[in-house]
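Down below is the structure, laid out as C-alpha cells.
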Amino acid sequence: MSEYIETIGDRIRKIREEKSLTQAAFGKKLFLERSAISLIERNLRTPTERVLQDICREFHVNKQWLTNGEGDMFLAPSDEDLNEQIERIMAGENEFHKNMFRLLANFDDEDLIALERLVKKLAQTEKE
C-alpha cells in the first residue's frame, strides 16, 4: 500500500518524479505545456477529467490513488501491456535490450529457476 499523499497536485508530481520526467517531458506526453503541469503540481489549477484519464492511461496509474490517495500508485501491467512493451523493445534500436529477450526466450525451466535464484540473491544483497 502506498503512503497517503494529500493533494492531487502532490500525487501528480510524485508520478512525474517516479518516471524521472521533467515537467516539460511529462506535459508533452499529455499534450500539455510545462506551465500547466507546474500549476497543477502547485495546486493552483485543478486537472480536468481528461487530464486525469490521460495520466492513468499513459503511466498506468491507479485512478483511485490519483484522485483520492487510496490504493497503490501504479496498476500491475496486463499481459497485453507487457506484449506491447516487448514489441516496442524488439522494434527499437538497442541491441542489448533485444538480445536480453532473445536470451530469455531460449532459457529452459532449469535456466529460469537459476536466474530467479540469482536475481533474488542480488536483490537481497542490495537491501543489506
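Residues are numbered in the working numbering as their position in the sequence shown, beginning at 1, plus a constant of 403. Heads up, the beta-carbon is just placed ideally off N, CA and C, and yes, glycines get one too.
*Give the straight-line distance between the Cα atoms of arginine 416 and alanine 479, rounded to the nearest whole angstrom.*
20 Å
*asked:* If you measure between the beta carbons of arginine 414 and glycine 474, is that distance less than 8 Å?
replied: no
*According to DSSP, is phenylalanine 434 helix, strand or coil?*
coil
*Are glutamate 461 and leucine 433 closer than 8 Å when you measure CB to CB?*
yes
*Continuous alpha helix (DSSP H) stretch holding valine 454: start and end*: 452–462
_Just list the residues that DSSP pairs phenylalanine 477 with in beta bridges._
Val464
*Exposed unless 16 or more other CB atoms sit within 10 angstroms - verdict on arginine 491*: exposed
*Taking the alpha carbon of histidine 463 as the point to measure from, which residue in Glu421, Phe477, Ile489 has its own alpha carbon closest?*
Phe477
*asked:* Within 10 Å of its beta-carbon, does glycine 430 have 16 or more other beta-carbons around it, so buried, or fewer, so exposed?
replied: buried
*asked:* Alpha carbons only, please: which of Asp484, Ile418, Thr528 is nearest the one belonging to leucine 455?
replied: Ile418
*Using three-state DSSP, classify aspartate 511 as helix, strand or coil.*
coil
*In terms of residues, what are the limits of the alpha helix (DSSP H) holding leucine 485?*
482–494
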